[in-house]
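J.: This is the structure, below, for whatever I ask next.
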Amino acid sequence: MGTSANLILFWTLAAVIVGSSVLAVTARRMMRAATWLLFVLIGTAGLYLLLNYHFLAAVQLSVYAGGVLVLFIFAIMLTSANGDRTEPQDKRRIAPALLTSLAGAGVAVVAVMKQRFLYGAPVEGDTEINMKAIGTALMGSGKYQYLLPFEALGILLLICAVAAILIARKK
Amino acid sequence: MIPMHYYLILSAALFFVGVYGFIARKNLLAVLISVELVLNAVEINFCVFNRYLYPQQMEGMFFSLFGIAIAAAETAVAIAIIMNIYRNLQNIDVRHIDSLKH
Numbered sequence: 000m001g002t003s004a005n006l007i008l009f010w011t012l013a014a015v016i017v018g019s020s021v022l023a024v025t026a027r028r029m030m031r032a033a034t035w036l037l038f039v040l041i042g043t044a045g046l047y048l049l050l051n052y053h054f055l056a057a058v059q060l061s062v063y064a065g066g067v068l069v070l071f072i073f074a075i076m077l078t079s080a081n082g083d084r085t086e087p088q089d090k091r092r093i094a095p096a097l098l099t100s101l102a103g104a105g106v107a108v109v110a111v112m113k114q115r116f117l118y119g120a121p122v123e124g125d126t127e128i129n130m131k132a133i134g135t136a137l138m139g140s141g142k143y144q145y146l147l148p149f150e151a152l153g154i155l156l157l158i159c160a161v162a163a164i165l166i167a168r169k170k
Numbered sequence: 000m001i002p003m004h005y006y007l008i009l010s011a012a013l014f015f016v017g018v019y020g021f022i023a024r025k026n027l028l029a030v031l032i033s034v035e036l037v038l039n040a041v042e043i044n045f046c047v048f049n050r051y052l053y054p055q056q057m058e059g060m061f062f063s064l065f066g067i068a069i070a071a072a073e074t075a076v077a078i079a080i081i082m083n084i085y086r087n088l089q090n091i092d093v094r095h096i097d098s099l100k101h
């Protein structure tokens with residue numbers, strides 16, 4: 000694929016991600032905010048595909064867009080008694096929030112633009128990581144392999160599931 | 000190849016949109032959605048650094064992978080807490096959650 004096609008894809012995804020994220024934090028109805036969040040997550044999966052991380056794009060779609068968003072929609076439907084509308088925005092909080100985020104974004108953009116990155120030597124041919132390498136790294140216990148974090152994450156997820164049931168159930 | 004700066008500036012924009020929402024919104028679920036935006040920005044950064052600076056390794060991808068899993072666990076617990084708050088107070092506005100005991 001040529002560079003210009005990649006650039007067009009990137010700009011399209013960037014427009015989707017930034018536009019949808021702004022709408023997600025400004026939408027008055029919570030259900031619409033959740034829908035805009037879905038578009039941000041799908042756009043991020045597109046970015047992973049553009050970077051040739053195909054497995055990560057699949058995980059992003061199935062865990063975030065499939066799992067986390069369903070949780071959000073359940074929670075919104077269970078907690079929106081008064082017609083799915085949040086109360087009007089507090090005008091006093093918008094100015095400091097805008098100031099903080101714009102100042103932070105300015106600092107981050109200046110820092111990124113001043114930095115000269117030393118790109119690593121590109122991999123020849125296909126840059127996609129094959130599934131066997133991912134599985135070996137995830138299940139091995141050697142150097143640069145991730146069996147211990149994987150198991151710890153499994154225990155964390157179990158604890159979180161039990162804790163969520165314990166917290167959310169009726170007395 | 001797309002310059003790396005483009006990705007980093009995109010994820011910085013996403014991050015600070017999330018920060019804006021975290022401060023400005025009052026609905027607890029909207030705050031949680033903003034946190035998800037911030038986490039997404041960080042995960043994009045991990046992948047971009049991995050792909051451009053160390054293309055032979057895959058540590059950044061695994062960090063993103065574990066980050067996604069931890070974000071899912073965190074969302075489950077946060078939503079359980081929000082449901083509990085809603086059951087006790089009948090709304091999820093952050094201004095009403097200023098006392099720990101009832």
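Residue numbers (numbering that gives the first Met the number 0), protein chains in the order written: chain A, 0 to 170; chain B, 0 to 101.
Glycine included, C-beta positions come from ideal geometry on N, C-alpha and C.
For clarity, every value in this text was computed on a predicted model and none was experimentally measured.
Quick one: is A:GLY65 buried, meaning 16 or more other Cβ sit within 10 Å of its Cβ, or exposed?
T.: So A:GLY65 ends up on the exposed side.
J.: Ordered along the chain, which non-local residues of its own chain (more than five positions away) have a Cβ less than 7 Å from that of B:GLY59?
T.: Closer than 7 Å at the Cβ level, and outside the excluded window around B:GLY59, lie PHE45, CYS46, PHE48, ASN49.
J.: Could you give the distance in angstroms between the alpha-carbon of A:ILE93 and the alpha-carbon of B:GLY17?
T.: Between A:ILE93 and B:GLY17, the C-alpha separation is close to 13 Å.
J.: Can the beta-carbon of B:VAL76 be found closer than 8 Å to that of A:ALA74?
T.: Against a cut-off of 8 Å, the Cβ pair of A:ALA74 and B:VAL76 comes out as no contact.
J.: Among the residues of its own chain, which have a CB less than 7 Å from the CB of B:PHE62, if the five just before and after it don't count?
T.: Excluding positions up to five away in sequence, the list reads PHE45.
J.: Out of B:ALA72, B:ILE96, B:SER98, B:LEU27, which one is the CA nearest neighbour of A:GLY153?
T.: Minimum Cα distance to A:GLY153 is reached at B:ALA72.
J.: Spell out the partners DSSP gives B:ASP92 in its beta bridges.
T.: BP columns for B:ASP92 point to B:ASN26.
J.: By the three-class DSSP mapping on this structure, what secondary structure does A:ARG28 have?
T.: It is a strand residue.
J.: In whole angstroms, what is the alpha-carbon distance linking A:LEU55 and A:TYR47?
T.: Their Cα atoms are separated by approximately 7 Å.
J.: Is the beta carbon of B:ILE8 closer than 8 Å to that of B:GLU42?
T.: The answer is no: Cβ separation not under 8 Å.
J.: Measuring only from the beta carbon, is A:PHE149 closer than 7 Å to any heavy atom that is part of the ligand FAD?
T.: Ligands are entirely absent from the displayed structure, and the ligand FAD is therefore not among its contents.
J.: Taking all protein chains shown into account, decide if A:VAL39 is buried (16 or more other Cβ within 10 angstroms of its Cβ) or exposed.
T.: Buried, by the Cβ-count rule.
J.: Using a Cβ cut-off of 8 Å (strictly closer), state whether B:ILE43 contacts chain A.
T.: It does: the Cβ of B:ILE43 has a partner Cβ on chain A nearer than 8 Å.
J.: Rounded C-beta distance between A:VAL24 and B:GLY20? I'm assuming under 8 Å.
T.: A:VAL24 to B:GLY20, Cβ: 3 Å. Contact.
J.: Let me know the alpha helix (DSSP H) ranges lying completely inside the segment 36-114 of chain A, each 4 residues or longer, listed in chain order.
T.: Counting whole runs of 4 or more residues, the segment 36-114 of chain A contains the alpha helix (DSSP H) stretches 53-58, 68-78, 90-113.
J.: How would you write the range of the alpha helix (DSSP H) that A:PHE116 sits in, first residue to last?
T.: First-last for A:PHE116: undefined, no H or E at that position.
J.: Can you tell me whether A:PRO148 is helix, strand or coil according to DSSP?
T.: DSSP places A:PRO148 in helix when its eight states are reduced to three.
J.: Give the DSSP-derived three-state secondary structure of A:GLY139 in the structure shown.
T.: If DSSP states are grouped into helix, strand and coil, A:GLY139 belongs with coil.
J.: Using a Cβ cut-off of 8 Å, pull out every chain B residue sitting near A:SER119, in sequence order please.
T.: The sequence shown places Gly at residue 119 of chain A, rather than the Ser named in the question. Ordered by position in chain B, the residues that pass the 8 Å Cβ test against A:GLY119 are TYR51, LEU52, TYR53, PRO54, GLN55.
J.: Below 9 Å between beta carbons is the criterion; list the residues of the segment 13-35 of chain A that meet it against any residue of chain B, in chain order.
T.: Listed by position, the residues of the segment 13-35 of chain A near chain B (Cβ gap below 9 Å) are ALA13, ILE16, VAL17, SER20, VAL21, ALA23, VAL24, THR25, ALA26, MET29, ALA32, ALA33, TRP35.
J.: Within 10 Å of its beta-carbon, does A:TYR118 have 16 or more other beta-carbons around it, so buried, or fewer, so exposed?
T.: Exposed, since its Cβ has fewer than 16 Cβ neighbours within 10 Å.
J.: Would A:THR11 count as contacting chain B if we go by Cβ distances under 8 Å?
T.: Chain B, which has no Cβ nearer than 8 Å to the Cβ of A:THR11, makes this no.
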